[in-house]
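Colleague:
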Amino acid sequence: MQASEHLSIALKAAEAAAAVIMKYYQRQIQVQTKSDFSPVTIADIESEKVIRKIISDAFPAHGFYGEETGQQDIHAEFLWLVDPIDGTKSFVREYPFFSTQIALMKEGELVLGVSSAPAFKELAWAEVGTGAFLNHKPLRVSDIKTIEECTLSTGNLKSMASSDDWSALGSLVSRVNRNRGYGDFYHYHLLASGKIDVVLESDVNILDIAATAVIVREAGGIFTDLQGGPLDLDTSSVLAANPHLHQLVLDSL
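In the working numbering, the protein residues as written are 54 to 306.
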């Protein structure tokens, strides 16, 4: 299937970013700390600049919201959401659980996502109405129907740990067949591939999850926040699952 112009540019940007990122990977580069106490490196900044130039050259009227280079025209009809290195802490510690996340919103709705994990050799993408793919192979979520049969992956649970949701999560974990914490891009790739069944996260940013939300949805899954609500620029949590399990997990929480 031929990619749309939007998808072609997103894939081109992800490829260019991967070249920059892998040039610096495992090179013991300097790490700085941002105002929110998260790390940032020259690889983050340079790769986002490359992505931004490719997208802006192709679509000068589109808005842009980047993790490192900030916001421009975020109320435009089309808005690109970019995290050049989602998983900078992994990148800095020199293990491969990091990725480039590029998503496109049209009038507030997510319509395209690219999730590129060059050290992991995985490239996933999806566009609304055309399906989801990982390394050119079509994706489909699992058909597991009960909590007792499912595999659950969790991530970034700091805020849940200090809330009433923590005991509910404990009860859920005691019921599932298997519990893991794959984290970042990887558990969403696994979910869209039908290899795990549910993902729960708190303390996320929309830039972390916008692209994978499109991929999971196009693979047949449901992707909301932890209250079952829609995603927007302020979303900070995730409940993603196959369609049999999403409501069951939501009710259990």
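Just so you know, even glycine gets a beta-carbon here, dropped at the ideal spot from N, CA and C.
Predicted model only: the values in this text are computed from it and were never measured.
Which of the three DSSP states, helix, strand or coil, is assigned to phenylalanine 186?
Modeller: Residue state, collapsed to three classes: strand.
Colleague: Residues in its own chain within less than 8 angstroms of leucine 284 by CB, not counting five upstream and five downstream?
Modeller: Cβ neighbours of leucine 284 beyond the five flanking positions: Leu163, Ile259, Ile262, Ala263, Ala266, Phe276, Thr277 and Asp278.
Colleague: Which two residues bound the contiguous beta strand (DSSP E) that contains threonine 207?
Modeller: Looking at the DSSP string, the run of the beta strand (DSSP E) that includes threonine 207 is 204–208.
Colleague: Find out if the Cβ-Cβ distance for the pair alanine 294, alanine 245 is shorter than 8 angstroms.
Modeller: For alanine 294 and alanine 245, no; Cβs fall outside 8 angstroms.
Colleague: Assign glycine 161 to one of three DSSP states: helix, strand, or coil.
Modeller: Three-state DSSP puts glycine 161 in coil, outside helix and strand.
Colleague: With DSSP as the reference, label phenylalanine 238 as helix, strand or coil.
Modeller: If DSSP states are grouped into helix, strand and coil, phenylalanine 238 belongs with the helices.
Colleague: For leucine 205, which residues in the same chain have their Cβ closer than 6 angstroms to its Cβ, ignoring the five residues on either side in sequence?
Modeller: Contacts found: Val229, Asn232 and Val251.
Colleague: Tell me whether isoleucine 200 is buried or exposed, calling it buried when 16 or more other Cβ atoms sit within 10 Å of its Cβ.
Modeller: Under this definition isoleucine 200 is a buried residue.
Colleague: Counting pairs of Cβ atoms below 8 angstroms between the region 114–122 and the region 144–153, do you hit three or more?
Modeller: Touching, no.
Colleague: Quick one: what does DSSP say aspartate 304 is sitting in, helix, strand or coil?
Modeller: Looking at aspartate 304 - three-state DSSP - the assignment turns out to be helix.
Colleague: Short of 6 angstroms in beta carbon distance, which residues of its chain neighbour aspartate 196, apart from the five on each side in sequence? Order them along the chain.
Modeller: There are no such residues.
Colleague: Decide if serine 332 is buried, meaning its Cβ has at least 16 other Cβ atoms within 10 Å, or exposed.
Modeller: In the structure displayed, the chain extends from 54 to 306; residue 332 sits before or after that span and is not available.
Colleague: Would you kindly work out how many angstroms separate the C-alpha atoms of leucine 301 and glycine 123, rounded to a whole number?
Modeller: Going by the C-alpha atoms only, they are around 38 angstroms apart.
Colleague: CB asparagine 188 to CB glutamate 175, shorter than 8 angstroms?
Modeller: In this structure, glutamate 175 lies closer than 8 angstroms to asparagine 188 by Cβ.
Colleague: Which whole-angstrom value is the C-beta distance of serine 100 and proline 137, which I expect to be below 8 angstroms?
Modeller: Going by Cβ atoms, the distance from serine 100 to proline 137 rounds to 4 angstroms, so yes, they are a contact pair.
Colleague: Under the DSSP definition of a beta bridge, which residues are partnered with phenylalanine 131?
Modeller: Answer is Lys159.
Colleague: Express the C-alpha separation of leucine 298 and alanine 214 in angstroms, rounding to a whole number.
Modeller: Those two C-alpha atoms are separated by around 23 angstroms.
Colleague: Using three-state DSSP, classify aspartate 110 as helix, strand or coil.
Modeller: Reduced to three states, the DSSP call for aspartate 110 is helix.
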